[in-house]
Structures are given as structure tokens and as C-alpha cells.
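**Student:** Going letter by letter, the sequence shown gives residues 1 to 348 in full-length UniProt numbering.
Below is the structure I would like to discuss, written out as C-alpha cells.
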Amino acid sequence: MNPYILAALLFGLGLGTTITFASSHWLLAWMGLEMNTLAIIPLMAQHHHPRAVEATTKYFLTQATAAAMLLFASTTNAWLTGQWDIQQMSHPLPITLITLALALKIGLAPVHSWLPEVLQGLDLTTGLILSTWQKLAPFALLLQIQPANSTILIAFGLASTLVGGWGGLNQTQLRKILAYSSIAHLGWMILVLQFSPSLTLLTLLTYFVMTISTFLVFKLNKSTNINMLATSWAKTPALTALAPLVLLSLGGLPPLTGFMPKWLILQELAKQDLAPTATLAAMTALLSLYFYLRISYAMTLTMSPNTLTGTTPWRLQHSQFTLPLAATTTATLLLLPLTPAAVALLTL
1 MNPYILAALL FGLGLGTTIT FASSHWLLAW MGLEMNTLAI IPLMAQHHHP
51 RAVEATTKYF LTQATAAAML LFASTTNAWL TGQWDIQQMS HPLPITLITL
101 ALALKIGLAP VHSWLPEVLQ GLDLTTGLIL STWQKLAPFA LLLQIQPANS
151 TILIAFGLAS TLVGGWGGLN QTQLRKILAY SSIAHLGWMI LVLQFSPSLT
201 LLTLLTYFVM TISTFLVFKL NKSTNINMLA TSWAKTPALT ALAPLVLLSL
251 GGLPPLTGFM PKWLILQELA KQDLAPTATL AAMTALLSLY FYLRISYAMT
301 LTMSPNTLTG TTPWRLQHSQ FTLPLAATTT ATLLLLPLTP AAVALLTL
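Next comes the structure, spelled out in C-alpha cells:
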């Protein structure tokens with residue numbers, strides 16, 4: 001892609017999210033979300049491959065549906081209450097509709113079906129943008145409206161952790177596994193959204209760091225399915241040793257960074273007298289842990305046969321800039337001791 005066009009699209013992507021962040025009026029927020037969608041579509045379709053075009057079409061249709069629902073709900077809110085202000089939502093009908101629209105935008109269960117299919121059709125770089133940056137604007141709106149209906153949020157959260165764990169069990173494609181991982185993590189964030197918005201934000205940022213690290217590991221190895229991971233030892237032995245730790249951090253095992261948000265969320269749910277919800281969420285985390293262990297096993301404990309004609313490309317020098325990978329991997333593995341600092345920031 002022409003670098004000037006790429007720069008313009010990335011600028012549009014940043015501007016759309018920033019407009020949504022800065023808006024207090026529903027029409028402006030909607031405009032920011034639309035700019036965001038329109039800027040990422042050419043990035044998704046840049047490889048003229050039928051699967052990429054199909055993924056782009058699916059993404060466009062779901063995002064257009066969610067945006068239309070959001071616009072309809074905000075207009076209904078203005079009609080019922082005379083308010084266009086995001087933080088002045090008082091009527092339950094528009095609040096529920098907007099929560100549903102934003103759930104569709106980020107891919108929460110039960111409106112998650114588009115996410116694995118879309119992510120499977122993209123290259124790893126665009127998939128990374130879709131899994132991280134594209135979640136920011138809808139989350140900013142969810143944090144602002146503070147949906148009063150707690151039942152619907154807890155239902156969304158539990159459904160997402162369950163679907164995210166269950167859906168990834170049988171997958172061999174890494175991008176689909178990462179999509180289900182994203183759904184499961186979003187479920188954890190939504191569970192605690194109404195009780196501690198700052199904890200949701202902390203979980204979102206931790207998820208971003210871990211996901212960036214995972215995507216960059218797969219991108220460096222040029223791996224798109226589990227079997228291709230078996231060749232990574234020949235090219236990057238040190239990274240192959242660290243990658244299972246990154247994946248286990250995504251699964252939420254101590255003493256890695258990924259344990260921090262899960263620990264704090266379970267603690268918060270227990271404080272709110274939601275012990276059954278916390279227990280169910282913790283059980284669904286085991287489902288996700290299984291497929292992270294499966295990837296770790298394929299990467300570190302299986303060796304690809306060396307007699308194949310394709311041995312040489314595994315040893316070619318890569319051209320990827322590795323500083324972001326080093327920084328995010330370090331953060332993914334070593335930030336758990338900063339939990340007291342994070343808790344202190346949450347209570348400010």
C-alpha cells in the first residue's frame with residue numbers, strides 16, 4: 001500500500017477514536033465510530049484475497065448494523081428525555097439498546113459470531129489493530145454510560161467468558177484462537193464494569209499489552225496455524241522459550257501479569273456478593289487455559305521433521321522491528337509485583 005494512503009488511513013483511525021473519546025454528544029460519538037470503521041476497511045481489504053474481501057464485508061455489515069442501532073437508540077433517548085448528552089442517559093430502553101449496539105461493535109457474546117470469521121480473513125498486523133485499537137472507542141462509551149441494568153451486563157460477561165473458552169477448544173487456526181481469547185477477556189471486563197470502571201480500564205490495558213505481544217510473536221514466526229508453530233524453534237529459540245509464558249500470562253496464571261486483572265476482578269465480584277458469578281468466571285478461565293497450553297505444547301514440545309524441502313525459509317533473517325515485541329513481552333511477564341501500585345491508582 002502507498003505510504004501516503006497508509007498514513008492517511010492510520011490518521012483517520014486515530015482521529016475517529018479521538019473524536020469518540022472527546023465527545024459528550026451522541027451524534028459526535030457516532031461520527032467518530034463511523035470514521036473509525038471507514039478508515040480500517042481499506043486496511044482490511046488491502047490484500048486482494050477472496051477471504052480478506054469476505055472478512056471486510058462481514059466486518060462492514062456488522063459495524064454498520066451496530067452504528068445504526070446506536071443512532072436509533074440515541075435518537076430515541078433524545079425523543080424520550082430531550083437529552084443528547086452521553087452522560088445524561090436515564091431511560092432504560094435506549095440504555096439497553098446502546099449497550100447491545102456497543103456489545104456488537106466489540107464482539108461480546110451472544111453477538112460475537114462475526115469476530116472469529118473476520119479475524120481469520122485478515123493478516124496478523126490488521127488483526128492486531130482490530131483486536132486492540134478498535135475496542136477503545138466503544139469501551140469509552142460503555143464506561144461513560146455506566147449501564148444501570150446490571151443483569152444484562154453480567155449475562156453478557158458470563159456468556160462471553162464461556163463462549164470465549166468453549167469456542168477456542170477445537171480450533172487449529174491461531175487467529176481464530178486469538179479471536180475467542182479476545183471474547184473471553186472482554187467478558188471479564190464487562191463483568192466488573194458497573195462495580196469498578198477503573199478496574200475494567202486496567203484489565204483492558206493489560207489485555208492490550210498481552211495481545212500485542214502474542215500477535216507479534218506469531219508475526220515474527222509467520223505462523224497462522226498451530227502446526228506452523230512447530231518450526232519456530234529453528235529460527236528464534238529464545239523467543240520460543242518465552243512464548244509459552246506469554247500465552248500462560250494471557251491465560252491468567254500467577255506469577256505473570258495476566259493474573260493481576262483476574263485476581264482483582266474475582267475479589268471485586270466477591271465483595272459485591274456475587275460469589276457464584278465469580279466461581280463460574282474462574283471455571284471458564286480453565287477452558288481458555290487449555291487452548292493456551294495446547295499452543296504452548298505445539299510450540300515448545302513438538303519438533304517439525306527436518307527432511308522437508310521447506311527447511312531453509314525457517315532460517316532466513318526476519319525484517320520485523322523487534323523493540324515493541326521485547327517491550328510488550330517484558331510487560332506481559334513481569335508486571336505482577338506492581339499490583340499494589342495498580343490498586344492504589346484504582347482507588348484514587
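Built from N, CA and C at the ideal position, the CB exists for glycine as well.
Bear in mind that the values here come from a model prediction, so they are computed numbers and not experimental data.
Given a threshold of 16 other Cβ atoms within 10 Å of its Cβ, counted over all protein chains shown, does arginine 321 qualify as buried or as exposed?
**Tutor:** Counting from one through the sequence shown, the residue named residue 321 turns up at place 321. The sequence shown places phenylalanine at residue 321, rather than the arginine named in the question. When all chains shown are included, phenylalanine 321 counts as exposed.
**Student:** Once you ignore the five residues that flank methionine 303 on each side, which residues in its own chain have a CB closer than 8 Å to its CB?
**Tutor:** Mapped onto the sequence shown, residue 303 falls at position 303. Ala230, Trp233.
**Student:** For threonine 172, is the classification buried or exposed, using 16 other Cβ atoms within 10 angstroms of its Cβ as the cut-off for buried?
**Tutor:** Translated into positions along the sequence shown, residue 172 becomes position 172. That one is exposed.
**Student:** Is the beta carbon of isoleucine 19 closer than 8 Å to that of methionine 44?
**Tutor:** Against the sequence shown, residue 44 aligns to sequence position 44. Against the sequence shown, residue 19 aligns to sequence position 19. No; because the gap between Cβ atoms is not below 8 Å, this pair is not in contact.
**Student:** Can you check which of these residues, Ile226, Lys222, Leu28, is closest to asparagine 170 by C-alpha distance?
**Tutor:** On the sequence shown, residue 170 is found 170 positions in, with the first residue counted as 1. That would be Ile226, whose Cα lies nearest to the Cα of asparagine 170.
**Student:** Return the CA-CA distance between tryptophan 263 and tyrosine 4, expressed in angstroms with no decimal places.
**Tutor:** Indexing the sequence shown from 1 puts residue 263 at position 263. Indexing the sequence shown from 1 puts residue 4 at position 4. Rounded to whole angstroms, tryptophan 263 to tyrosine 4 spans 44 Å at the Cα level.
**Student:** Less than 8 Å between the C-beta atoms of alanine 179 and leucine 122, yes or no?
**Tutor:** In the sequence shown, the residue the question calls residue 179 occupies position 179. In the sequence shown, the residue the question calls residue 122 occupies position 122. Result no, Cβ atoms of alanine 179 and leucine 122 do not sit closer than 8 Å.
**Student:** Compare the beta carbon distance of lysine 219 and threonine 125 with 8 Å and say whether it is the shorter of the two.
**Tutor:** Position 219 of the sequence shown, counting from 1, holds the residue named residue 219. Position 125 of the sequence shown, counting from 1, holds the residue named residue 125. Yes; because the gap between Cβ atoms is below 8 Å, this pair is in contact.
**Student:** Cα separation between serine 113 and histidine 48?
**Tutor:** To locate residue 113, count along the sequence shown from 1; it is residue 113. To locate residue 48, count along the sequence shown from 1; it is residue 48. So the two alpha carbons sit approximately 23 Å from each other.
**Student:** For asparagine 36, which three-state DSSP category applies?
**Tutor:** If you number the sequence shown from 1, residue 36 lands on position 36. In this structure, asparagine 36 counts as helix in the three-state DSSP scheme.
**Student:** In angstroms with no decimal places, state the Cα-to-Cα distance between methionine 69 and glutamate 54.
**Tutor:** Here residue 69 refers to the residue found at position 69 of the sequence shown. Here residue 54 refers to the residue found at position 54 of the sequence shown. Rounded to the nearest angstrom, the two C-alpha atoms are 23 Å apart.
**Student:** Based on Cα-Cα distance, which residue from Phe156, Gln146, Ile106 lies nearest to histidine 133?
**Tutor:** Residue mapping note: residue 133 aligns to position 133 of the sequence shown, counting from 1. The sequence shown places tryptophan at residue 133, not histidine. Nearest C-alpha to tryptophan 133: Ile106.
**Student:** Less than 8 Å between the CB atoms is what I'm expecting for valine 246 and serine 213, so what's the real figure, rounded?
**Tutor:** Position 246 of the sequence shown, counted from the first residue, corresponds to residue 246. Position 213 of the sequence shown, counted from the first residue, corresponds to residue 213. Between serine 213 and valine 246 the Cβ distance is about 5 Å, and since that is below 8 Å, they are a contact.
**Student:** Below 8 Å, can you find three or more Cβ-Cβ pairs linking the region 193-208 to the region 264-274?
**Tutor:** The region 193-208, when compared against the region 264-274, does touch it at the 8 Å Cβ threshold.
**Student:** Helix, strand or coil, according to DSSP, for histidine 91 in the structure here?
**Tutor:** In the sequence shown, the residue the question calls residue 91 occupies position 91. Histidine 91 falls in the coil class under three-state DSSP.
**Student:** So, under 8 Å CB-CB, isoleucine 86 and alanine 29 are touching, yes? Tell me the CB distance rounded to an integer number of Å.
**Tutor:** Residue mapping note: residue 86 aligns to position 86 of the sequence shown, counting from 1. Residue mapping note: residue 29 aligns to position 29 of the sequence shown, counting from 1. With 8 Å as the limit, isoleucine 86 and alanine 29 qualify as a contact, their Cβ atoms being about 6 Å apart.
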